[in-house]
Amino acid sequence: MVFHVFALTIFAYMIPKYKDYFGVREEAIAALKFGLTGNAIYFLVYVVIGHQMDAFTKALVFVMSSLGVVFSVIMIPTWWVLRKQYPSIESHLRKVNAHILGLFVRQAHNPTLSFHLTDTPLPDLFNLLKDAKGFDLFMEHLFSGSLLYVNIKFASENLLCYLELCQYRAIAKQKWKEKSDMDVMDPLGDNFVLSAELPQSSIVNHNQLSDEQKAIALIDKYIATGAQYEVNLPYDMRMDFMKLLHLNHPRYPRHLFQQQRNEKQNTQNNPFEQMAPSNFVFLFDPVLKELFQLMRQAYSRFRTTIAYHNYVERVHPAQP
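Taking my numbering, the leading residue of the sequence shown gets 1343, the next gets one more, and so forth.
Rendered as structure tokens:
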């Protein structure tokens, strides 16, 4: 028993909180608390004062004590969070002139506030991610565990993939512009342009790799089935990118290879050889659009945080 408690304690605190994507650390700590509390109650009821009660009374005291402890463990942290955040919540409600009525929030009409919000456009998600500070704040929000209310959790892999694919797109676009000596007609404009102050991808900025090798490395890292940092993509989209892998690649879908052989297609062709330089620029656009849609679900809640409002006040300071 002592060994298991000791092992669980070491396991819980060996996991860094910022890397605990699935909440294993918090689950282990919670299990440890409940286990130790249950043992303490059992010892108290059945050993210390057990000789003074009959079997039914012992069971009743044990169950009620356990329920009381579980309720306290759950509600005490909630009470401290509410106690800490209440001044911020109250200040925000006064700022937007809102009143809480039961489960609903009613916002009173305020011409001055409406005029201020109309004249000062709030940064959308594209502009937020272009700014290094905004990107960092949004990343902290994603890692903070506040996405428990979102149906599909935005995993850290999706954000890292978005970062590297945007950088790949920017470099491929710059190469195309230098080779063609003409402006690039990009229908998406600068939507997927990120700040140069953000961490740079070791794959994208590897000067010894060609655009094809970089694309294969990114597919193998994020998109292929069983990838180390596999992102959540539709099946058809994932298969389209996996078809770009070489036939001898370990992640190449074998059922596609057999299908090509049955249809007597040439399986020796390299799909990248048929691509124009502009194709490398727009290669990962479907993935970026899919990841962006996932981020928008988290962004809507990020806009309700104190960190976001402080960021807006820094970027768009209120006019006196």
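Glycine included, C-beta positions come from ideal geometry on N, C-alpha and C.
C-alpha distance - residue i paired with residue j, whole-angstrom precision
| i | j | result |
| --- | --- | --- |
| residue 1561 | residue 1616 | 18 Å |
| residue 1456 | residue 1656 | Low confidence applies here, because residue 1456 scores a pLDDT of 35, under 50, leaving its location unreliable; read the following figure in that light. Spanning the two alpha carbons is a distance of roughly 19 Å. |
| residue 1513 | residue 1574 | 25 Å |
| residue 1500 | residue 1652 | 25 Å |
| residue 1629 | residue 1579 | 8 Å |
| residue 1624 | residue 1511 | 7 Å |
| residue 1370 | residue 1515 | 47 Å |
| residue 1566 | residue 1584 | 6 Å |
| residue 1620 | residue 1524 | 12 Å |
| residue 1559 | residue 1372 | 39 Å |
| residue 1650 | residue 1476 | 8 Å |
| residue 1330 | residue 1552 | Not covered by the structure: residue 1330. The range shown for the chain is 1343 to 1662. |
| residue 1648 | residue 1393 | 55 Å |
| residue 1387 | residue 1374 | 20 Å |
| residue 1472 | residue 1402 | 60 Å |
| residue 1389 | residue 1395 | 11 Å |
| residue 1391 | residue 1405 | 15 Å |
| residue 1479 | residue 1398 | 55 Å |
| residue 1517 | residue 1543 | 17 Å |
| residue 1417 | residue 1622 | 53 Å |
| residue 1746 | residue 1654 | In the structure as shown, the chain begins at 1343 and stops at 1662. Residue 1746 is therefore absent and cannot be evaluated. |
| residue 1528 | residue 1377 | 59 Å |
| residue 1632 | residue 1519 | 26 Å |
| residue 1450 | residue 1627 | Low per-residue confidence applies at residue 1450: pLDDT is 43, beneath 50, and the placement is therefore not dependable, though the value from the model is reported in the following sentence. In a straight line, the C-alpha of residue 1450 is about 42 Å away from that of residue 1627. |
| residue 1582 | residue 1474 | 32 Å |
| residue 1640 | residue 1634 | 10 Å |
| residue 1612 | residue 1568 | 23 Å |
| residue 1407 | residue 1352 | 28 Å |
| residue 1618 | residue 1577 | 26 Å |
| residue 1466 | residue 1547 | 28 Å |
| residue 1570 | residue 1400 | 52 Å |
| residue 1498 | residue 1522 | 36 Å |
Three-state class that DSSP yields for residue i in the structure shown
| i | result |
| --- | --- |
| residue 1648 | helix |
| residue 1391 | coil |
| residue 1559 | helix |
| residue 1552 | coil |
| residue 1585 | coil |
| residue 1506 | helix |
| residue 1545 | coil |
| residue 1480 | helix |
| residue 1399 | helix |
| residue 1537 | coil |
| residue 1635 | helix |
| residue 1516 | helix |
| residue 1567 | coil |
| residue 1529 | coil |
| residue 1578 | helix |
| residue 1667 | This structure cannot speak to residue 1667, because the chain is shown only from 1343 to 1662. |
| residue 1618 | coil |
| residue 1406 | helix |
| residue 1572 | coil |
| residue 1624 | coil |
| residue 1612 | coil |
For residue j and residue i, believed in contact at Cβ under 8 Å, the rounded distance
| i | j | result |
| --- | --- | --- |
| residue 1470 | residue 1508 | Actually they do not touch by this definition, with Cβ atoms about 13 Å apart. |
| residue 1540 | residue 1502 | Actually they do not touch by this definition, with Cβ atoms about 11 Å apart. |
| residue 1554 | residue 1564 | With a Cβ gap of about 16 Å, residue 1554 and residue 1564 do not count as contacting. |
| residue 1614 | residue 1586 | 7 Å |
| residue 1549 | residue 1468 | Actually they are not in contact, since the Cβ atoms of residue 1549 and residue 1468 sit about 29 Å apart, beyond 8 Å. |
Contact the stretch 1643-1658 vs the stretch 1471-1488: 3+ CB pairs below 8 Å: Because the criterion of three Cβ pairs below 8 Å is met, the stretch 1643-1658 and the stretch 1471-1488 touch.
Stretch-stretch touch, CB-based, cutoff 8 Å, three pairs: the stretch 1406-1413 with the stretch 1373-1388: Taking 8 Å as the limit for Cβ pairs, the verdict is that the stretch 1373-1388 does touch the stretch 1406-1413.
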